[in-house]
Amino acid sequence: MATMREIKGRIRSVSTTQKTTKAMNLVSSSKLARAKAKLVKSTPFFNQMRKVIGNIISINADFDHRYFEKRVPKKSLIIVIANDRGLCGGYNTNICKLGAELGDSLIADGKQVSYYCIGNKSRDFFRRRGDNILDSQNGISENPFYEDAQEITDKILPMYLKGLIDEVHICYTEFVSAITYTPQSVQILPLYEIDFIDAAEKGANLIKFEPSPYEVLDYIAPKFLAAITLEALSTSAASGQAATMTAMDSATENAGNIIDSLNLVYNRARQAAITQEISEIVGGANALQ
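The sequence shown begins at -9 in the numbering used here and counts up by one.
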């Protein structure tokens, strides 16, 4: 049985851990508020890009464009967005498993699959699996900017246009609330007209695009893809902070339960020691009589 000194040491150790997890919970709560604000700001830009593309499609009956090119996909790229760090419950594991399951299903269909890993945890997961990692990027998962999303699309688009990859999927975690975030996967290349028709404005045929609708689309489609990527990065950042906040809150509560249990054990050990001392004193007094 542990001595009172050992129990006291354990209580101090767990108390230190509890202070750390509580501080991390507060930090994640603050970062979550900033991530949610950034997510709200990125959504209107994404919607406006979608509306413009919808307008162009709606006024062209025989629509055809290289970003909407119908190919027989043989080479697939999967972008997987995870955190650079752990201590966020099952957040990283869930999104990486989703990416792995998608990749395995594409391979089963006879396609070549490579991964673009965002975050150290994503890179490490697919490296352990021995998958083909086309590229990886860290340092942007917690606080992404439009420039980060544009950098990703600037690497991917030339490969798509040259035929080095035929389709691009992105796996991210959709933020619903502080306690609800769901892993999702969507295909972002090639684009499909049907996804933009409902975004077109009434009277779109009255809009004149200069120098031509196709040249406007050439300019705006890469920005739309960057906006999709930014949206995925932003909602994943909010989800990651929410997961860390939840995990640290749970850890803080568990630490409190452990401290309560240890205090109970300590008090029992202390009471036993006092009882034993009293018994020894009484026994010694009786022996002297």
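All C-beta atoms, glycine included, are put in the ideal place defined by N, C-alpha and C.
| Item | Value |
| --- | --- |
| Taking the Cβ atom as the reference point for each residue, do VAL4 and ILE249 lie within a distance shorter than 7 Å? | yes |
| One question on the structure: do MET149 and ASN15 come within less than 7 Å of each other, judged by their Cβ atoms? | no |
| What does the alpha-carbon distance come out to for the pair SER66 and PHE186? | 23 Å |
| Mind checking TYR209: buried by the 16 CB within 10 Å criterion, or exposed? | exposed |
| State the DSSP-derived secondary structure class of TYR182, mapped to helix, strand or coil. | coil |
| Would you call the CB atoms of GLY79 and ALA233 closer than 7 Å? | yes |
| Which residues in the same chain have their Cβ closer than 6 Å to the Cβ of THR217, if we skip the five residues on either side of it in sequence? | Per the sequence shown, residue 217 should be read as Ala rather than Thr. Correct list, in chain order: PHE35, PHE36 and MET39. |
| I'd like to check one pair, SER175 with ILE71: are the Cβ atoms closer than 7 Å? | no |
| In whole angstroms, what separates the C-alpha of ILE49 from that of ASP144? | 28 Å |
| Shortest alpha-carbon distance to GLU132 belongs to which of LEU252, ASP239 and LYS28? | LYS28 |
| Does the beta-carbon of ALA90 have 16 or more other beta-carbons within 10 angstroms, so that it is buried, or is it exposed? | buried |
| Taking ALA222 and ILE43 to be in contact with their CB atoms under 8 Å, please state how far apart those CB atoms are, rounded to whole angstroms. | The pair is not a contact, with the Cβ atoms about 18 Å apart (cut-off 8 Å). |
| Given 6 Å as the limit, tell me if GLY(-1) has its C-beta closer than that to any heavy atom belonging to the ligand MN. | What this structure holds is no ligand at all, so the ligand MN is not there to describe. |
| From THR172 to CYS86, what distance separates their C-alpha atoms? | 12 Å |
| Classify GLN231: buried if its beta carbon has 16 or more other beta carbons within 10 angstroms, exposed otherwise. | buried |
| Of all the beta strand (DSSP E) runs that stay within the bounds of the segment 81 to 161, which reach a length of 3 or more residues? | 102 to 108 and 123 to 127 |
| Please work out which residues of its chain come closer than 7 Å, Cβ to Cβ, to LEU220, disregarding the five sequence neighbours upstream and downstream, and give them in chain order. | SER32, PRO134, TYR136 and ALA139 |
| Would you kindly check if the distance between the Cβ of THR7 and the Cβ of ALA245 is under 7 Å? | yes |
| Report all residues from its chain with a CB closer than 8 Å to the CB of LYS111; omit the five preceding and five following residues, and keep chain order. | ALA72, ASN73, ASP74, ARG75, GLY76, ASN82 and CYS86 |
| Using a threshold of 7 Å, state whether the C-beta atoms of TYR106 and ASP125 are closer than that. | yes |
| Within its chain, find whatever has a CB closer than 7 Å to the CB of LYS64; leave out the 5 residues flanking it on each side and keep chain order. | LYS101, GLN102 and ASP156 |
| Within a Cβ cutoff of 6 Å, which residues of the same chain sit near TYR57, ignoring the five residues on either side of it in sequence? | LEU181 and ALA211 |
| Can you tell me where the alpha helix (DSSP H) holding SER3 begins and where it ends? | -6 to 48 |
| Give me the residue from ILE178, GLU205 and GLY109 with the minimum Cα distance to PHE214. | ILE178 |
| Please report the residue range of the beta strand (DSSP E) in which LEU77 lies. | Taken as a continuous stretch (DSSP letters only), LEU77 belongs to no beta strand (DSSP E), as it is neither H nor E. |
| Give me the DSSP bridge partner(s) of GLN174. | TYR162 |
| Measure the CB-CB distance between PHE165 and ALA237 and report whether it falls below 7 Å. | no |
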